[in-house]
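FYI, in UniProt numbering the residues of the sequence shown are 1 to 138. Built from N, CA and C at the ideal position, the CB exists for glycine as well. Given the structure is predicted, the values throughout are model-derived calculations rather than measurements.
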Amino acid sequence: MLKYISPDELASIMKSDKVPMKDYCVIDVRDDDWAGGNIKGAHNAPSSQFYVRVNDLVEKTKEIPTVVFHCALSQVRGPKAARIYAEARDQLEGDGLDIPHQVLVLRGGFSDFQAKYKDDPELVENWSKEVWGNPQWL
1 MLKYISPDEL
11 ASIMKSDKVP
21 MKDYCVIDVR
31 DDDWAGGNIK
41 GAHNAPSSQF
51 YVRVNDLVEK
61 TKEIPTVVFH
71 CALSQVRGPK
81 AARIYAEARD
91 QLEGDGLDIP
101 HQVLVLRGGF
111 SDFQAKYKDD
121 PELVENWSKE
131 VWGNPQWL
């Protein structure tokens, strides 16, 4: 069963003394809709290529205790990627990796996160009013 994290909870982690890519990481699985802004420091792993690249992603993040996935709305792509990642990560545990971890999905996706935090450069980067001022894809 998937676990979710709210935009406020993620913002709190990001503003804490936790270190990105050591204590947590954010994986954004948006494809072409990545343009126009992202969560600061997020790694883009497009959903269209996710399945073939998941093992590389697991290898790069296997020692990070909190991995947060999202897409635009976190309704389909983000949760699906989180499930695929969790299954691949669990395979490593079966192979002897024993590092506590949690795989989370950002509730509301980047859409909700940017609506609340677009003006905070500690949380959002590359934000574009042209894209988010009139989001045609929603």
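Give me the Cα-Cα distance between residue i and residue j, rounded to the nearest whole angstrom.
i, j, result
"A45", "R77", "11 Å"
"G109", "G41", "15 Å"
"K18", "E63", "14 Å"
"A115", "S48", "25 Å"
"E9", "D33", "24 Å"
"V26", "A88", "17 Å"
"A35", "S16", "27 Å"
"L138", "S128", "Caution applies to L138, whose pLDDT of 49 falls short of 50 and renders its modelled position unreliable; the value that the coordinates give is listed next. Whole-angstrom Cα-Cα distance: 16 Å."
"residue 147", "N126", "The requested residue 147 is not part of the displayed model; the chain covers only 1 to 138."
"R53", "R83", "14 Å"
"V29", "A81", "7 Å"
"E130", "Y51", "31 Å"
"G37", "D31", "12 Å"
If you reduce the DSSP assignment to three classes, tell me which class residue i lands in.
i, result
"K129", "helix"
"K40", "coil"
Considering only C-alpha positions, which residue in the set the options is nearest to residue i?
i, options, result
"V105", "V68, S111 and V54", "V68"
"A11", "E130, V124, K129 and S128", "V124"
"D56", "H70, L92 and R30", "L92"
"T61", "A86, I5, R107 and W127", "A86"
"H70", "D90, P100 and I39", "I39"
"G133", "S111, E122, P121 and D120", "S111"
Original post:
Along the chain, which unbroken stretches of the alpha helix (DSSP H) at least 4 residues long are found entirely within the segment 46 to 127?
Top reply: Entirely contained in the segment 46 to 127, the alpha helix (DSSP H) runs reaching 4 residues are, in chain order, 47 to 61, 77 to 94 and 109 to 117.
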